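Colleague: One structure follows; several queries about it will come next.
In the working numbering, the protein residues as written are 132 to 720.
Written out as structure tokens, the structure is:
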């Protein structure tokens, strides 16, 4: 896994971002190969993983990651991890009298974490106890060789049902974390009603003192061991106080590491537990301010959510025809977003023909349009044994992808730039195999490469849009504890079955899926940003939510942010010649 690569440092800011990030890292871990004889894959894992060594001398691969969350958010996970655990240190105990110890019972572990503990202890799981995987254990076991663990996991099968047992993201984390990865903010609580991080200004005020020092220390550690750092991918909660913290963190990255790419993904769940009308208004204000500030301090900013919109009364959540997903369940919705993010981040993680973060951002964020929207097809509806032209020609009225940024596609096909990725078609034909003399049923069937076919298809909807695209045959590997949220119409590799399964037959255990994603800078974002602006401007914040500004921003700064948002929305209503519409045409703002 060694070799020249452009490293990326990941920051996860907030509880939902850590939900999405945990699924994303589990997907990366499932694709790791520890066998030096195995041919190198299309994705270069060293871009996001770092190599280390335990005290026992065993080689480890841990994420180049900084994850920030609140007090009480870790449950069974130790903040410093256990990979480099030196054991108990009793040298500081000098009292020779009697001692009385009160030990709090640790939270109960779910079945998945219990099985990982068995592996840590060198136990062999029964074949009904685990699902095929190539993962590393979550906790350290200096006496247990990683290759041995992987070979044991490949021999056993089990589909975990954790829907009722996941309370926090560490309940389904299966990888080792470096001791410098987790940063807990003790000023605010994860649970309860008191001391909650609910407002943008609270988050902005956090990045000082010990919180700032801790972040700078972790950043310096990961940055200094990079040879060719290309930038940072930031996952940040949009709807709570982490939006303000993310604003300050990205501003610091911009000031300290100028010239590096900063790709920020703003995460928002479909619903929040124990929400109220006032909290919903807070969520709207946080999303509004985060869109302005995160876009300003990033190379590009892309919201990621299954919500139908970011307003207080959004349309129904995004639904996919071949997923049986409960969008209100964080464990489910975050897995869908992580699967999409695995494809969206492919361009700068490829082993060959990779595109640096800054180049990807320059392609998409043109003329100040630093907000982009994501769309995805999960899974890509490709029939087993068919070809790419067959799959695409079934969608002639509109592309098969759905919104992943609460932003509908432009009805007029106005798109300033686009980046498409098709991943996971391994074993299927990219081009048609018609016999000589047979007339192609569609123009797509006459093309001679997968790239030409996908480009021709996308340009049929966006004929004047600059387009970049990449095809990666290797799929995302779905291993425990990724939820089995797939319909019975899919086979084990995520392709559509030619014949529906008999009624009452058990669903296949889906172990990979093809995915098609698109990042777009288009006119629809102007409408999306204008809706955010109207929603936040429709109320007198001093009357409806006076406490929102108690720790900042100042009222003048708040109104300035709204004006920046209005101007940003106008950037997406330029005509094809780049002429901005007159202010009389923007009265709807």
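All C-beta atoms, glycine included, are put in the ideal place defined by N, C-alpha and C. If you're wondering where the values come from, they're calculated on a predicted model, not measured in any experiment.
Tell me which residue opens and which closes the alpha helix (DSSP H) that residue 377 is part of.
Modeller: The residue given as residue 377 occupies position 246 in the chain shown. Looking at the DSSP string, the run of the alpha helix (DSSP H) that includes residue 377 is 373–387.
Colleague: Quick one: Cα of residue 552 to Cα of residue 414, how far?
Modeller: Numbered from 1 along the chain shown, position 421 holds the residue referred to as residue 552. Numbered from 1 along the chain shown, position 283 holds the residue referred to as residue 414. In this structure, the alpha-carbon of residue 552 lies about 31 Å from that of residue 414.
Colleague: Just to confirm, is the Cβ distance from residue 362 to residue 392 under 8 Å?
Modeller: One-based indexing of the chain shown puts residue 362 at position 231. One-based indexing of the chain shown puts residue 392 at position 261. For residue 362 and residue 392, yes; Cβs fall inside 8 Å.
Colleague: Considering only C-alpha positions, which residue in the set 442, 379, 307, 385 is nearest to residue 658?
Modeller: Walking along the chain shown from the start, residue 658 turns up at place 527. Looking at the Cα atoms, 442 is the closest of the given residues.
Colleague: Quick check on residue 483: does DSSP put it in helix, strand or coil?
Modeller: Working through the chain shown from its first residue, we reach residue 483 at position 352. It is coil, neither helix nor strand.
Colleague: Less than 8 Å between the beta carbons of residue 376 and residue 343, yes or no?
Modeller: As a first step, residue 376 is located in the chain shown; it is residue number 245 there, counting from the start. As a first step, residue 343 is located in the chain shown; it is residue number 212 there, counting from the start. Cβ atoms of residue 376 and residue 343: not closer than 8 Å.
Colleague: Quick one: residues in its chain with C-beta nearer than 6 Å to the C-beta of residue 299, no 5 flanking neighbours on either side, listed in chain order?
Modeller: Position 168 of the chain shown holds residue 299. Only 204, 206 meet the Cβ criterion.
Colleague: Where does residue 626 sit, in a helix, a strand or coil, going by DSSP?
Modeller: Within the chain shown, residue 626 is the residue found at index 495, counting from 1. Correct three-state label for residue 626: coil.
Colleague: Can you tell me whether residue 135 is buried or exposed, with buried defined as 16 or more other CB within 10 angstroms of its CB?
Modeller: Numbered from its first residue, the chain shown carries residue 135 at position 4. Residue 135 comes out exposed.
Colleague: Specify the secondary structure class of residue 320 as computed by DSSP and reduced to three states.
Modeller: Looking up residue 320 in the chain shown gives position 189. Looking at residue 320 - three-state DSSP - the assignment turns out to be strand.
Colleague: Taking 8 Å as the threshold, find out whether the stretch 153–169 comes into contact with the stretch 466–482 through three or more Cβ pairs.
Modeller: yes
Colleague: Confirm, please, whether the CB-CB distance from residue 478 to residue 745 is below 8 Å.
Modeller: The question about residue 745 has no answer here: the residues shown for the chain are numbered 132 through 720.
Colleague: Excluding sequence positions up to five away, which residues of its chain have a Cβ less than 7 Å from the Cβ of residue 501?
Modeller: Residue 501 sits at position 370 when you count from the first residue of the chain shown. Counting only Cβ-Cβ distances below 7 Å, and skipping sequence neighbours, we find 426, 429, 431, 432.
Colleague: Using the rule of at least 16 other Cβ atoms within 10 Å of the residue's Cβ for burial, across every protein chain shown, is residue 195 buried or exposed?
Modeller: Residue mapping note: residue 195 aligns to position 64 of the chain shown, counting from 1. Answer is buried; the Cβ neighbour count reaches 16.
Colleague: Could you tell me if residue 329 is buried or exposed, where buried requires 16 or more neighbouring beta carbons within 10 angstroms of its beta carbon?
Modeller: Residue 329 sits at position 198 when you count from the first residue of the chain shown. Its Cβ being crowded by 16 or more others within 10 Å, residue 329 is buried.
Colleague: Work out the CA separation of residue 322 and residue 597 for me, nearest whole Å.
Modeller: Position 466 of the chain shown holds residue 597. Position 191 of the chain shown holds residue 322. For residue 597 and residue 322, the distance between alpha carbons rounds to 46 Å.
Colleague: Using a Cβ-based criterion (distance less than 7 Å to any ligand heavy atom), does residue 564 qualify as near the ligand MN?
Modeller: The model depicted lacks the ligand MN and carries no ligand whatsoever.
Colleague: From residue 769 to residue 356, what does the alpha carbon distance come to, in whole angstroms?
Modeller: The chain is shown from 132 up to 720; residue 769 falls before or after that span and cannot be answered.
Colleague: Please report how far the alpha carbon of residue 139 lies from the alpha carbon of residue 178, in whole angstroms.
Modeller: The residue you call residue 139 lines up with position 8 of the chain shown. The residue you call residue 178 lines up with position 47 of the chain shown. The straight-line gap from Cα to Cα measures roughly 6 Å.
Colleague: From the DSSP output, which residues share a beta bridge with residue 646?
Modeller: Position 515 of the chain shown holds residue 646. Answer is 554.
Colleague: State the Cα-Cα distance for the pair residue 703 and residue 655, rounded to the nearest angstrom.
Modeller: Position 572 of the chain shown holds residue 703. Position 524 of the chain shown holds residue 655. Annotation: residue 703 to residue 655 spans about 8 Å, alpha carbon to alpha carbon.
Colleague: Which same chain residues, not among the five before or five after residue 175, have their C-beta less than 8 Å away from its C-beta?
Modeller: Reading the chain shown from its first residue, position 44 is the one you call residue 175. Here the set comprises 134, 136, 480, 481, 482, 485.
Colleague: Who are the Cβ neighbours of residue 385 in its own chain at under 8 Å, not counting the five residues just before and after it?
Modeller: Residue 385 sits at position 254 when you count from the first residue of the chain shown. Here the set comprises 393, 428, 429.
Colleague: Got a sec? Which residues, its chain only, sit under 6 Å from residue 313 by beta carbon, not counting five neighbours each side?
Modeller: Numbered from 1 along the chain shown, position 182 holds the residue referred to as residue 313. These residues qualify, in order along the chain: 198, 210.
Colleague: Restricting to Cα atoms, I'd like to know which of 241, 382, 573, 324 is closest to residue 405.
Modeller: Residue numbering aside, residue 405 sits at position 274 when the chain shown is read from its first letter. The option with the nearest alpha carbon to residue 405 is 324.
Colleague: For residue 629 versus residue 173, is the C-beta distance shorter than 8 Å?
Modeller: Residue mapping note: residue 629 aligns to position 498 of the chain shown, counting from 1. Residue mapping note: residue 173 aligns to position 42 of the chain shown, counting from 1. Note that the C-beta distance between residue 629 and residue 173 is not below 8 Å.
Colleague: Which class does residue 528 belong to by DSSP, given the choice of helix, strand or coil?
Modeller: Along the chain shown, one-based indexing puts residue 528 at 397. DSSP places residue 528 in coil when its eight states are reduced to three.
Colleague: CB-CB under 6 Å to residue 454, same chain, minus the five flanking residues each way: which ones, in chain order?
Modeller: Against the chain shown, residue 454 aligns to sequence position 323. Within its own chain, the residues whose Cβ lies closer than 6 Å to the Cβ of residue 454, once the five positions on either side in sequence are excluded, are 616, listed in chain order.
Colleague: Using 10 angstroms around the beta-carbon of residue 305, count the other beta-carbons present and answer buried if the total reaches 16, otherwise exposed.
Modeller: For this step, residue 305 is matched to residue 174 along the chain shown. Residue 305 comes out buried.
Colleague: Going by DSSP in three states, residue 353 sits in which element: helix, strand or coil?
Modeller: The sequence position of residue 353 within the chain shown is 222, counting from 1. In this structure, residue 353 counts as helix in the three-state DSSP scheme.
Colleague: At the level of alpha carbons, what is the spacing between residue 584 and residue 496?
Modeller: Taking the first residue of the chain shown as position 1, residue 584 is located at position 453. Taking the first residue of the chain shown as position 1, residue 496 is located at position 365. Approximately 25 Å between the Cα atoms of the pair.
Colleague: Residue 600 by DSSP, collapsed to three states: which one?
Modeller: Here the question's residue 600 lines up with position 469 in the chain shown. Correct three-state label for residue 600: strand.
Colleague: Of the choices 568, 563, 586, whose alpha-carbon is the least far from that of residue 577?
Modeller: As a working note, residue 577 is residue 446 in the chain shown. Among 568, 563, 586, the Cα nearest to that of residue 577 belongs to 563.
Colleague: Does DSSP classify residue 513 as helix, strand or coil?
Modeller: Position 382 of the chain shown, counted from the start, is the residue given in the question as residue 513. Three-state DSSP puts residue 513 in coil, outside helix and strand.
Colleague: Locate the alpha helix (DSSP H) running through residue 695, then write down its first and last residues.
Modeller: Here residue 695 corresponds to residue number 564 of the chain shown, with the count starting at 1. Start and end: 686–702.
Colleague: Is it buried or exposed for residue 660, if we count other Cβ within 10 angstroms and need 16 for buried?
Modeller: By 1-based counting over the chain shown, the position of residue 660 is 529. So residue 660 ends up on the buried side.
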